[in-house]
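What follows is a short report on a single structure.
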Amino acid sequence: MFMEQPRGDETQKATNLQREWMVEYEVTNKDGIKQKHLTILYGKNVTDVQESLFIELRALYPQQSMIEVTITRFEPISTHTSKSHMNSFTGFIA
Numbered sequence: 135m136f137m138e139q140p141r142g143d144e145t146q147k148a149t150n151l152q153r154e155w156m157v158e159y160e161v162t163n164k165d166g167i168k169q170k171h172l173t174i175l176y177g178k179n180v181t182d183v184q185e186s187l188f189i190e191l192r193a194l195y196p197q198q199s200m201i202e203v204t205i206t207r208f209e210p211i212s213t214h215t216s217k218s219h220m221n222s223f224t225g226f227i228a
């Protein structure tokens, strides 16, 4: 898969701004019940996103004294898209 590399000035600008991060995780409560989650969180870096995840978990599971969290995906969302990857509705039938 071809990914367009950001220019130097775009990289510098991105480090000063909050980014979107895709976080996929599984929560197991004390009864052994598992729930899968996929969420978009915002932060400048991994530490910011971890803090946002803790806030989300506290809001989703306020009554749980203990939960086990397994993170399966934790990555920034890229907004750099090559026009050649778009199919411009070729073959679209209404």
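Counting from 135, one number per residue, gives the positions in the sequence shown under this note's numbering. Glycine included, every Cβ here is placed at the ideal spot set by N, Cα and C.
From residue i to residue j, what distance separates their C-alpha atoms?
i	j	result
Q197	M156	26 angstroms
V171	N163	Contrary to the premise, residue 171 reads as His rather than Val in this sequence. Each residue's alpha carbon lies about 14 angstroms from the other.
Q152	Q184	13 angstroms
K168	V161	5 angstroms
H204	L187	Strictly speaking, residue 204 in this sequence is Thr, with His absent from that position. Between T204 and L187, the C-alpha separation is close to 12 angstroms.
T213	E154	9 angstroms
Y159	V180	15 angstroms
G166	E209	27 angstroms
E202	R192	13 angstroms
If we count the other Cβ atoms within 10 Å of its Cβ and call it buried at 16 or more, is residue i buried or exposed?
i	result
L194	exposed
By DSSP, does residue i sit in helix, in strand, or in coil?
i	result
Q169	strand
L175	strand
With a cut-off of 8 angstroms on the beta carbons, I'd call residue i and residue j a contact; round off their distance for me.
i	j	result
E190	T206	Going by Cβ atoms, the distance from E190 to T206 rounds to 16 angstroms, so no, they are not a contact pair.
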